[in-house]
Structure formats: C-alpha cells, structure tokens
Amino acid sequence: MSIKPPLFRNIAVAAHPLVAGASDEAAQIAAYLLTERIPVTHGLLYDEDLRRRIISGEFDLLIALGGDGTMLRAGHLCAPKGIPILGINLGHFGFLMEIRQDRWREALKRLLRGDYWLENHMMLCAEQRRGAALLGSWDVLNEVVVSRGKSVRPVRLEASVDGRFLTTYVADGLIAATPTGSTAYALAVGGPILPPELRNILLVPVAPHLSIDRAIVLHEGSAVSIIVHTTHEAVLSVDGQPPIDLADGDMVTARAGEHTARFVRFQDPGYFYRNLTPHMNRNPSSGDRS
C-alpha cells in the first residue's frame, strides 16, 4: 500500500463520450465538488483542451467515468505526471473501477477527508523496431499483443528474454501483460491471475500449435523481445487500441516502463481477492443478467 498524499487541490472530472449519461454525471460531480470549495474542471475524456491541461500537470486528481477501457485511457494520460485516478463505473465489468455510479457522493466525502489510499500499477514500455529503425513506442497498462491479422493462419514468433533465446511460438499470438492485464486478455486465454501491485511481466501464448502452451512469469527487470516471422499479415495491438501492421522480421520489445498508474482506493487492500469470485462467476459483458 502506498502512503497517501496531501488532500487534492485541483480536480478534473472526465467522462467517456460514448457512455450514456456519463457527461451529465460528470457535471453533477463537478457541481458537488464546487459546493465543497474544491477547484474542478469537467469535460469529455477525449477533449483536447482538457487532455492538454492534464498532461501539463494542472490537476492533482482525475475522476474518470466509464468502464475499464476508460481507466486504460486515463492511465495513459495521467501516469507520466503521476496523477492519481478515481474510477466511477458506468460500464459493464469495471474490474479496475473503484466505485459504483450510485455511491460517488459517499466516496467523495471520504476522499476529501483523506480516507483513501493509492494503489500503484506497473506499466510497460513497448517498442516496435524494423532493423535499426524505431517505428513506435508506447506506454502500456494492460498488455502488448503480437498476433496474426485477418488471415486464419498462425505466425512464428521468436521470443527472447534479456537477450537470451526462449522459444519460437507457432501461434495466433503472444501476449506480454502487466499484473493489471492478467485479468484481461491474458486471463481469457488461460493465463494466471496476478495481484495488481506486483511488478512482473506475464508472457502468454494465444492458441499455440505444438509450442510451449504455458504462461511464463518474468521478473520486473526483464525485457522480452518478439521477432515476427510471417509471409502474411501480422499486427501489434497495445491496450486494445487499433492494430499496427507488422512486417516479417519486425521486433517488438516490452519491459517495465518508467511510469506508474496510481488508482485511488477506499476498500481495504484485501479487496482484490474478495472481489475475484464475483468477477469470475458473473461477467456482465456476456449479457447474462441472471
């Protein structure tokens, strides 16, 4: 558990633009904070002016309204400045979110009197290289996925850890995930669940064919390199963002990044294990409301 910082002095409230009612709820939260004499700005998560002000370090807290995808986007935005994020769940699953939509008034009262703690989430730095050229670099909160494209044909992925050859996967893809991402795509393909404050890298193959089919947990200080061998389409995806085309011989690397995502928590630190069973037994995203 992290030591909590001083009380927040300037707060941004950002709503996901595609979540029904999120903008109105953000306005209500901002109005409440103003009655408590807290400087506050509210808007949409993708508003360029609001994003510029967050990136400049103007705020010391972001309240994000939406679902887990909203928290990922908020993490990318806030982590470089060390700005904590409080998630209010207006989506389906809400694994990363802290409070329900109908509980925010109670939660904000606790926040303003300093009754909270900050949970640190490791991030990765991912890079794509083609020969000696660096084509792109990204901060990653959930996972990096190197996979086949539209063609239903596996790709050969040569994996190395700390410069030492590990194995060549013949698979639909390979996931390099953070502990945060261990409950996302990595979990769906059979990977283990890691507590969020660990600082390990999880390597999980997707539909491997006659290859190592077990997940591997790497040390925080390790770096994994994935070289793509393919005669057809292959892609790179970072935290579910639009895929990036990969060419034969491209290398994707993932290592512990310099930034840390910080989430506001009100529950005791054992919340993660306590909430596992309800999350595993009922996934609202499936549409099953029973």
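When we follow my numbering, the leftmost residue of the sequence shown carries the number 84, and every step to the right adds one.
Ideal Cβ placement from N, Cα and C applies to all residues, glycine included.
Residue environment, residue i, which counts as buried when at least 16 other CB atoms sit within 10 Å
i	result
Leu90	exposed
Val347	buried
Glu108	buried
Ile166	buried
Pro291	buried
Thr314	exposed
Glu131	exposed
Ser85	At Ser85, the pLDDT of 49 sits below 50, so the modelled position is not reliable; the number obtained from the coordinates is stated separately. So Ser85 counts as exposed.
Asn93	exposed
Gly353	exposed
Phe248	exposed
Helix, strand or coil at residue i according to DSSP, with G and I counted as helix
i	result
Arg92	coil
Thr118	helix
Val102	coil
Pro275	coil
Tyr354	helix
Asp107	helix
Pro288	strand
Gln324	coil
Ser230	strand
Arg345	strand
Asp151	helix
Asp222	strand
Sequence-distant residues of its chain with Cβ nearer than 6 Å to residue i (five each side left out)
i	result
Arg213	Asp333
Thr124	Ala95
Gly340	Met206, Leu207, Cys208 and Asp222
Lys164	Gly140
Leu277	Pro262 and Ser265
Ser220	Glu210
Cβ-Cβ separation, residue j to residue i (assumed contact under 8 Å), whole Å
i	j	result
Val321	Val227	6 Å
Val307	Leu319	Not really, about 13 Å apart at Cβ, beyond 8 Å.
Asp151	Leu169	The pair is not a contact, with the Cβ atoms about 14 Å apart (cut-off 8 Å).
Tyr115	Leu194	11 Å between Cβ atoms; not a contact.
Ala157	Leu145	6 Å
Near the ligand NAD: residue i beta-carbon under 7 Å from a heavy atom
i	result
Arg135	Among the components modelled here there is no ligand, and therefore nothing to report on the ligand NAD.
Close Cβ partners of residue i (< 8 Å) along its chain, the five nearest in sequence each way excluded
i	result
Leu133	Ala95, Ala97, Thr124, Gly126 and Leu127
Asp245	Ser305 and Ala306
Lys233	Glu316
Gly274	Ile258, Ala260, Ser265, Leu285, Val287 and Ala298
His159	Asp222, Leu224 and Asp322
Pro100	Ser106, Leu127, Leu128 and Tyr129
Chain-order list of residues whose beta-carbon lies under 7 Å from that of residue i (same chain, five-residue window excluded)
i	result
Ile299	Leu286
Gly177	Gly150 and Asp151
Asn203	Ser85, Glu280, Thr343 and Arg345
Phe355	Pro278 and Pro279
Please confirm if the segment 250-264 is in contact with the segment 230-240, defined as three or more CB-CB distances below 8 Å between the two stretches. In this structure the segment 250-264 touches the segment 230-240; the number of beta carbon pairs closer than 8 Å is three or more.
Below 8 Å, how does it come out for the segment 267-283 and the segment 180-198: are there three or more Cβ pairs, yes or no? Touching, no.
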